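Novice: Here you go, one structure.
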Amino acid sequence: MENNRITGLLGIKYPLVQGGMVWCSGWRLASAVSNCGGLGLLGAGSMHPDTLREHIRKTKAATSGPFGVNVPLMYPEIEEVMRIVVEEEVPVMFTSAGSPKKWTPYLKDHGIKVVQVVASSLLARKSEDAGVDAVVAEGFEAGGHNGREETTTMALIPTVRDAVSIPVIAAGGIADIRGYRAAFALGADGVQMGTRFALCRESSASEEFKAYCRGLAEGGSRLLLKKMVPTRLVDNEFSAKIAEMEAAGAGKAELEAFVAKGRAKLGMFEGNLQEGMLEIGQIASIVKEEESVADIFASLGLA
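Heads up: the sequence shown begins at 4 in the numbering used here, then just goes up one per residue.
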């Protein structure tokens, strides 16, 4: 599918966006996706501001296609990130985990397209009212941080489509041509794919993490940390301890102290598969082969 509202808005050939995932979405992955005709995203959530600037410049050098930056709005140095994306003339910004009301006018005043990730039709309407150009409707199946509503992608996409007039990108549980086509049948204008790109060759995640996730069976992840930010985690010693603590009634402060800073880096980037925090979507159970970004696009008929 070409030449629809998402391709027109983002200036891309195909309506496919690569998720901006912490510790996975560096310049090699983003530029490879953009070179194949989709929209590559840098995952700013795991980058210090200077590191983000470096990855933006390397992405520019590696592709002539549009690309974007994804940042959670709760990022502690959000002002610095926003200054960098403006200075570096990043064409597209994906925002999540917060209200887009504050930063959307600033970004659009500098000619940057803004897309907000939402988990409900209510948040989609609020995002449209805030002036964003499109929304990513991300279902419960997705990896990493999730909405508290726990609405599945199949239920979420039609309700968001009916709630807003701006373009809708479907995300959560989409990893092959069946899911890709289903998203458009449900009313989406585009697709954001995370897990499959997180496990491909160009992903900056550790090879140990990729191999571990490609070996997951159905049901190999679960949504935990609901007293903090609901997060889908792979089953390992770390997530088992989190589940045990939650069952015993641990509060937010106790959970935050256990999770501590650096757990996601330890697991996803450094490859400590038992003590680290491993985030991946439910659909990982169908991703079994080592492959490149170009292989993924070809399998979707986008080549």
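Every residue, glycine too, gets a C-beta built ideally from N, C-alpha and C. Computed from a prediction, not measured in an experiment: that's the story for all the values here.
Give me the Cα-Cα distance between L126 and T234, rounded to the nearest whole angstrom.
Specialist: The residue you call residue 126 lines up with position 123 of the sequence shown. The residue you call residue 234 lines up with position 231 of the sequence shown. Distance between the alpha carbons of L126 and T234: 19 Å.
Novice: Does DSSP put L44 in a helix, in a strand, or in coil?
Specialist: Locating residue 44 in the sequence shown gives position 41, counting from the first residue. Note: L44 maps to strand in three-state DSSP.
Novice: First and last residue of the beta strand (DSSP E) that includes A173?
Specialist: Working through the sequence shown from its first residue, we reach residue 173 at position 170. Looking at the DSSP string, the run of the beta strand (DSSP E) that includes A173 is 171-174.
Novice: Would you report the Cα separation of R31 and V296, rounded to the nearest angstrom?
Specialist: Locating residue 31 in the sequence shown gives position 28, counting from the first residue. Locating residue 296 in the sequence shown gives position 293, counting from the first residue. Near 10 Å, if we compare the C-alpha coordinates of V296 and R31.
Novice: Identify the continuous beta strand (DSSP E) that holds R225 and give its terminal residues.
Specialist: Within the sequence shown, residue 225 is the residue found at index 222, counting from 1. Taken as a continuous stretch (DSSP letters only), the beta strand (DSSP E) holding R225 covers 224-227.
Novice: Using DSSP bridges, identify the partner residues of M196.
Specialist: Mapped onto the sequence shown, residue 196 falls at position 193. The partner list for M196 (beta bridge, DSSP) reads Q21.
Novice: Taking Cβ positions, are V84 and G23 nearer each other than 8 Å?
Specialist: Along the sequence shown, read from residue 1 onward, the residue named residue 84 stands at position 81. Along the sequence shown, read from residue 1 onward, the residue named residue 23 stands at position 20. No, Cβ-Cβ distance for V84 and G23 is not below 8 Å.
Novice: Terminal residues of the continuous alpha helix (DSSP H) containing P52?
Specialist: Numbered from 1 along the sequence shown, position 49 holds the residue referred to as residue 52. Taken as a continuous stretch (DSSP letters only), the alpha helix (DSSP H) holding P52 covers 52-65.
Novice: Taking the Cβ atom as the reference point for each residue, do S124 and T162 lie within a distance shorter than 8 Å?
Specialist: If you number the sequence shown from 1, residue 124 lands on position 121. If you number the sequence shown from 1, residue 162 lands on position 159. Yes.
Novice: Classify P75 as helix, strand or coil using the three-state DSSP reduction.
Specialist: Position 72 of the sequence shown holds residue 75. It is a strand residue.
Novice: Tell me which same chain residues have a C-beta within less than 7 Å of the C-beta of L227, skipping the five on either side of it?
Specialist: For the purposes of this step, residue 227 is taken as residue 224 along the sequence shown, with counting starting at 1. Only T234, L236, S242, I245, A246, E249 meet the Cβ criterion.
Novice: Between the alpha carbons of P108 and K291, how many angstroms are there, rounded?
Specialist: The residue you call residue 108 lines up with position 105 of the sequence shown. The residue you call residue 291 lines up with position 288 of the sequence shown. The alpha-carbon atoms of P108 and K291 are separated by roughly 42 Å.
Novice: Relative to the C-alpha of K230, which residue among L258, S206, L159 is closest?
Specialist: The residue given as residue 230 occupies position 227 in the sequence shown. When only C-alpha atoms are compared, the closest one is L258.
Novice: Between S207 and K129, what straight-line distance do the alpha-carbon atoms span, to the nearest angstrom?
Specialist: For the purposes of this step, residue 207 is taken as residue 204 along the sequence shown, with counting starting at 1. For the purposes of this step, residue 129 is taken as residue 126 along the sequence shown, with counting starting at 1. S207 and K129: Cα-Cα distance of roughly 34 Å.
Novice: Could you tell me the distance, in whole angstroms, from the CA atom of G182 to the CA atom of I59?
Specialist: Position 179 of the sequence shown holds residue 182. Position 56 of the sequence shown holds residue 59. Answer to the nearest angstrom: the Cα atoms are 30 Å apart.
Novice: For I9, which residues in the same chain have their Cβ closer than 6 Å to its Cβ, ignoring the five residues on either side in sequence?
Specialist: Indexing the sequence shown from 1 puts residue 9 at position 6. P18, P170, D192, G193, listed in sequence order.
Novice: When DSSP builds the beta bridges, which residues end up paired with V121?
Specialist: On the sequence shown, position 118 is the one that residue 121 refers to. Its beta-bridge partners are A140.
Novice: Inspect the CB distances between the region 89-98 and the region 42-59 and report whether three or more fall short of 8 Å.
Specialist: yes
Novice: What did DSSP end up calling G184 once you bin it into helix, strand or coil?
Specialist: By 1-based counting over the sequence shown, the position of residue 184 is 181. Here the sequence assigns Arg to residue 184, which means Gly is not the residue at that position. Under the three-state reduction of DSSP output, R184 falls in the helix class.
Novice: DSSP three-state label for T234, please.
Specialist: Counting from 1 along the sequence shown, the entry for residue 234 is found at position 231. It is a strand residue.
Novice: Looking at the structure shown, is G11 part of a helix, part of a strand, or coil, going by DSSP?
Specialist: Here residue 11 refers to the residue found at position 8 of the sequence shown. Note: G11 maps to helix in three-state DSSP.
Novice: Taking the alpha carbon of G147 as the reference point, which residue from H51, G176, N38 has its own alpha carbon closest?
Specialist: Along the sequence shown, read from residue 1 onward, the residue named residue 147 stands at position 144. For G147, the nearest C-alpha among the options comes from G176.
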